[in-house]
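J.: If you're matching positions, the sequence shown starts at 29 in my numbering and goes up one per residue.
Glycine included, each C-beta is placed from N, C-alpha and C at the ideal position.
A single structure is presented below for examination.
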Amino acid sequence: MSGSLLPTYRPWPFQVVRGVADCIFDAAGKRYFDFYGGHCVCSTGHSHAKVVAAICQQAGELLFYSCAAEVPVRDKAADALIDFANSQGDVGARSVFFCNSGSEANENALKIAAKVTGRNRFVAFEGGWHGRTTLSLSVTDDAKISDPYRALVAPCTRLAWNSEAALDSLAFDDVAAVILEPVQSMAGIREVDRGLLEKLRERTRASGALLIFDEVQTGMGRLGAPFAASKYGIMADIITTAKGIASGVPMGALLMSESMAMQLKPGDLGSTFGGSPLACAALLATLKIINDEQLMQHAIEAETKIRAVLRKTCVREVRGAGLLLGLRVPDNATRLKKHLEDSGILVGSSSDAEILRLMPPLNISDEAIAALGNAIHIYA
Ligand SMILES: Cc1ncc(COP(=O)(O)O)c(C=O)c1O
C-alpha cells in the first residue's frame with residue numbers, strides 16, 4: 029500500500045484492479061465473485077457497459093455545472109428517481125435533494141428535521157449505522173467512532189431494536205426525528221418488525237416528529253422493491269439513499285414528502301457537487317438497467333437460489349431479504365470468510381461476529397451463486 033495514503037481500513041491481501049459484472053480481479057489476474065459488492069455499492073455490477081457509456085457521453089457533453097443553473101440531466105434524474113420510488117405503490121416521495129454520500133444524505137435529513145420541527149433531539153436504534161458526519165454520527169451506534177466527539181454530537185435517545193416496550197416508554201415531545209435502517213446492515217442484517225414500524229409511524233405522526241428511513245443500503249431495488257418503504261407499504265417523511273444509486277459514481281439523495289418539501293425554501297439545502305451531471309447520468313443509466321433487466325425480480329429469485337444452495341451447510345440461518353442477506357455461522361465466521369476469499373468469493377463481515385453479509389450486484393449470476401454454495405459445502 030502507498031505510504032502516502034492514510035490507512036483507514038485494514039488492508040486486503042490483494043489489490044483490486046478490474047471489475048466485470050459480478051466479478052473483480054486482482055493484480056495477478058485472480059477472479060473473485062463479488063458478494064461484497066464494493067460494500068453494497070456496485071448495484072448493476074462492475075463497469076456495466078451502459079453505465080460506462082452514459083458517463084462517457086455526459087463527460088463529453090457537460091462534465092459539471094453547479095446547482096445554481098438548470099441542467100436537463102439533473103431534472104431528468106430527479107423525475108426518474110421519484111417515479112422509480114413510487115413505482116410499486118406510492119411511498120409519498122415527491123421531491124429530491126441530491127448530495128454525494130450516505131452520511132451527507134442523513135446529515136441533511138436530520139438537519140432539516142430540526143429546522144421544520146424546531147426540536148433538536150433525535151431517536152435512533154441500537155445497532156443503527158448512519159455515517160460519520162456530525163449529525164449522522166450522533167445517531168450512529170458505534171462508540172469507537174463517536175466517543176471522541178461526545179461533546180460535539182447532538183442529543184440522541186437510542187432504543188433497543190424491535191422493542192415495542194422501549195417505544196411505548198418513549199416521550200416524543202422534544203423529538204425532531206426518528207431514524208432507522210429498515211434492515212440494519214452493519215449490525216448483522218436485522219429486519220425491522222412490521223408492527224413496530226407501523227407503531228413508529230403512528231407515534232411520530234401524532235407527535236409531530238419526522239420519520240426518516242435510512243435506505244442507503246436497502247434502497248435502489250436491493251430488497252426486490254424500489255425501497256423498503258415500498259416493501260413494507262409504510263411512508264417515511266424522508267428517505268435517504270446512496271451506495272448503489274449511481275452504480276459507483278458518488279451520489280446521495282433525500283426523497284421527501286410533499287409536506288416536507290413545502291417547508292423548505294431555496295437556500296435551506298445546498299451542495300456544490302450534489303447532483304453533478306455525471307452522477308445524474310449514472311443514476312439514469314442505473315435506473316434504466318434496473319428496469320430493463322428486471323433486477324428487482326432478479327434479486328428476489330437470487331435470494332431464493334442463495335437460500336437453496338446454503339441448505340445443509342454450516343450456515344445456520346439466512347437473514348434479510350432480496351440481496352441484503354446475513355449468513356449466521358456460529359462456528360467461526362471469520363474462518364469461513366477467509367476460506368471463501370481463498371476460493372475466490374468475497375463476502376462482508378458485520379459487527380456481529382457470527383454474521384457474514386452478502387450485498388452483491390443485483391445481477392449476480394447463477395454461476396456465482398453456485399460457486400458460493402460449493403465453497404461453503406466443502407468447508408469443514
Ligand atoms: C445504512 C448506512 N447509512 C449511511 C452510511 C454512510 O454512507 P457513506 O459512507 O456513503 O457516507 C452507510 C455506510 O456504510 C450505511 O451503511
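Taking the C-alpha atoms as reference points, what is the distance between L312 and A106?
T.: For the purposes of this step, residue 312 is taken as residue 284 along the sequence shown, with counting starting at 1. For the purposes of this step, residue 106 is taken as residue 78 along the sequence shown, with counting starting at 1. One C-alpha to the other measures close to 9 angstroms.
J.: Just mark V80 as buried or exposed, buried being the case when its beta carbon has 16 or more other beta carbons within 10 Å.
T.: Numbered from its first residue, the sequence shown carries residue 80 at position 52. It is exposed - the Cβ of V80 has fewer than 16 other Cβ atoms within 10 Å.
J.: Quick check: F255 and V151, are their CB atoms within less than 8 angstroms of each other?
T.: On the sequence shown, residue 255 is found 227 positions in, with the first residue counted as 1. On the sequence shown, residue 151 is found 123 positions in, with the first residue counted as 1. No, they are not a contact pair.
J.: Tell me which residues share the same chain as S139 and place their Cβ nearer than 7 angstroms to its Cβ, disregarding the 5 neighbours each side in the sequence.
T.: Within the sequence shown, numbered from 1, the residue matching residue 139 stands at position 111. Sequence check: residue 139 is Lys here, not Ser. Around K139: L163.
J.: Compute every distance between the C-beta of E89 and the non-hydrogen atoms of ligand 1, then say whether any falls below 7 angstroms.
T.: Residue 89 sits at position 61 when you count from the first residue of the sequence shown. No; taking the cut-off as 7 angstroms, the Cβ of E89 has no heavy atom of ligand 1 nearer than that.
J.: Quick one: using the 10 Å Cβ neighbour count with 16 as the cut-off for buried, is P415 buried or exposed?
T.: Given that the chain is displayed from residue 29 to residue 408, the structure contains no residue 415 and the question cannot be resolved.
J.: Report all residues from its chain with a CB closer than 6 angstroms to the CB of S235; omit the five preceding and five following residues, and keep chain order.
T.: On the sequence shown, residue 235 is found 207 positions in, with the first residue counted as 1. Counting only Cβ-Cβ distances below 6 angstroms, and skipping sequence neighbours, we find F200.
J.: Do G247 and T232 come within 8 angstroms of each other at the CB atom, strictly closer than that value?
T.: Numbered from its first residue, the sequence shown carries residue 232 at position 204. Numbered from its first residue, the sequence shown carries residue 247 at position 219. With respect to the 8 angstroms criterion, T232 and G247 are not classified as neighbours on the basis of their beta carbons.
J.: With distances taken from CA atoms, which of F125, D394, P388 is nearest G249?
T.: Indexing the sequence shown from 1 puts residue 249 at position 221. Ranking F125, D394, P388 by Cα distance to G249 puts P388 first.
J.: Please return the same chain residues whose Cβ sits closer than 8 angstroms to the Cβ of P183, not counting the five positions on each side in sequence.
T.: On the sequence shown, residue 183 is found 155 positions in, with the first residue counted as 1. Taken in chain order, the residues that qualify are N148, R149, F150, S166.
J.: Rank L239, E98, E219, C68 by C-alpha distance to the C-alpha of A142 and give the top, closest one.
T.: Counting from 1 along the sequence shown, the entry for residue 142 is found at position 114. The candidate whose alpha carbon is nearest that of A142 is L239.
J.: Shorter than 7 angstroms, the distance from the beta carbon of D242 to the closest heavy atom of ligand 1, or not?
T.: For the purposes of this step, residue 242 is identified with residue 214 of the sequence shown, where counting begins at 1. For ligand 1, at least one heavy atom lies less than 7 angstroms from the Cβ of D242.
J.: Would you call the region 194 to 210 in contact with the region 278 to 286, where contact means no fewer than 3 C-beta pairs closer than 8 angstroms?
T.: no
J.: Taking one C-beta from the region 289 to 306 and one from the region 49 to 68 each time, how about it: are there three or more such pairs within less than 8 angstroms?
T.: Contact between the region 289 to 306 and the region 49 to 68 is absent, because fewer than three Cβ pairs lie under 8 angstroms.
J.: Give the C-beta separation of S213 and Q245 to the nearest angstrom, bearing in mind that I take them to be a contact with Cβ-Cβ under 8 angstroms.
T.: Locating residue 213 in the sequence shown gives position 185, where the first residue counts as 1. Locating residue 245 in the sequence shown gives position 217, where the first residue counts as 1. So it is a contact: roughly 5 angstroms between Cβ atoms.
J.: Could you name the residues that DSSP lists as bridge partners for Y60?
T.: Here residue 60 refers to the residue found at position 32 of the sequence shown. Y60 is bridged to I52.
J.: Going by C-alpha to C-alpha distance, which of V44, E219, K366 sits closest to G350?
T.: Stepping through the sequence shown from its first residue, residue 350 is reached at position 322. Nearest option by C-alpha distance: E219.
J.: In whole angstroms, give me the CA-to-CA distance for D169 and E89.
T.: Sequence index remark: in the sequence shown, residue 169 carries index 141 (1-based). Sequence index remark: in the sequence shown, residue 89 carries index 61 (1-based). Using only the alpha carbons, I get a separation of about 43 angstroms.
J.: Is the beta carbon of A403 closer than 8 angstroms to that of I383?
T.: Translated into positions along the sequence shown, residue 383 becomes position 355. Translated into positions along the sequence shown, residue 403 becomes position 375. No. Outside cutoff.
J.: Any idea if M29 is buried or exposed, counting beta-carbon neighbours within 10 angstroms, 16 or more meaning buried?
T.: In the sequence shown, counting from the first residue as 1, residue 29 sits at position 1. Looking at its Cβ environment, which holds fewer than 16 other Cβ atoms inside 10 Å, M29 is exposed.
J.: On the criterion of 16 or more Cβ atoms from any shown chain inside 10 Å, does G65 qualify as buried, or is it exposed?
T.: One-based indexing of the sequence shown puts residue 65 at position 37. Looking at its Cβ environment, which holds 16 or more other Cβ atoms inside 10 Å, G65 is buried.
J.: Would you mind stating whether T159 and N134 have Cβ atoms separated by less than 8 angstroms?
T.: As a position in the sequence shown, residue 159 is number 131, starting the count at 1. As a position in the sequence shown, residue 134 is number 106, starting the count at 1. First, the amino acid is wrong: residue 159 is Gly here, not Thr. Going by C-beta atoms, G159 is nearer than 8 angstroms to N134.
J.: Rounded to a whole number of angstroms, what is the C-alpha to C-alpha distance between C127 and T300?
T.: Indexing the sequence shown from 1 puts residue 127 at position 99. Indexing the sequence shown from 1 puts residue 300 at position 272. Between C127 and T300, the C-alpha separation is close to 9 angstroms.
J.: Closer than 7 angstroms: is that where the CB of N134 sits relative to any heavy atom of ligand 1?
T.: The sequence position of residue 134 within the sequence shown is 106, counting from 1. At least one heavy atom of ligand 1 is nearer than 7 angstroms to the Cβ of N134, so yes.
J.: How would you label L353, buried or exposed, when you count the other beta carbons within 10 angstroms and need 16 or more for buried?
T.: For the purposes of this step, residue 353 is taken as residue 325 along the sequence shown, with counting starting at 1. Burial call: buried.
J.: What does R178 pair with, by DSSP beta-bridge criteria?
T.: Along the sequence shown, read from residue 1 onward, the residue named residue 178 stands at position 150. Answer by DSSP bridge pairing: none, since R178 is not bridged.
J.: Mind pulling the alpha helix (DSSP H) runs of 4 or more residues that sit fully within the region 189 to 270?
T.: 192 to 196, 222 to 235, 256 to 260
J.: For ligand 1, is there any heavy atom lying closer than 7 angstroms to the beta carbon of A270?
T.: In the sequence shown, counting from the first residue as 1, residue 270 sits at position 242. Yes, Cβ of A270 sits closer than 7 angstroms to a heavy atom of ligand 1.
J.: Along the chain, where does the alpha helix (DSSP H) that runs through V337 open and close?
T.: Translated into the one-based positions of the sequence shown, residue 337 becomes position 309. Where V337 is concerned, the enclosing alpha helix (DSSP H) starts and stops at 323 to 337.
J.: Measuring from the CB of S299, is there a heavy atom of ligand 1 at a distance below 7 angstroms?
T.: On the sequence shown, position 271 is the one that residue 299 refers to. No - ligand 1 has no heavy atom lying nearer than 7 angstroms to the Cβ of S299.
J.: I'd like to know whether the C-beta atoms of E345 and R356 end up nearer to each other than 8 angstroms.
T.: Residue mapping note: residue 345 aligns to position 317 of the sequence shown, counting from 1. Residue mapping note: residue 356 aligns to position 328 of the sequence shown, counting from 1. Yes, these two residues count as a Cβ contact at 8 angstroms.
J.: From what residue to what residue does the beta strand (DSSP E) around R149 run?
T.: Residue 149 sits at position 121 when you count from the first residue of the sequence shown. 149 to 153 is the span of the beta strand (DSSP E), which, as asked, contains R149.
J.: Which two residues bound the contiguous beta strand (DSSP E) that contains I383?
T.: Start at 1 with the first residue of the sequence shown, and residue 383 comes out as number 355. Run containing I383: 383 to 386, per the beta strand (DSSP E) assignment.
J.: Which residue wins for smallest C-alpha separation from A330, given the options I392, Y177, V375, L297?
T.: Reading the sequence shown from its first residue, position 302 is the one you call residue 330. For the options I392, Y177, V375, L297, the alpha carbon positioned closest to that of A330 is the one of I392.
J.: Less than 8 angstroms between the beta carbons of A171 and V203, yes or no?
T.: On the sequence shown, position 143 is the one that residue 171 refers to. On the sequence shown, position 175 is the one that residue 203 refers to. No, the pair does not count as a contact, with Cβ atoms beyond the cut-off.
J.: Between W189 and ligand 1, is there a pair consisting of the residue's CB and a ligand heavy atom that are separated by less than 7 angstroms?
T.: Within the sequence shown, numbered from 1, the residue matching residue 189 stands at position 161. Every heavy atom of ligand 1 is 7 angstroms or more from the Cβ of W189, so no.
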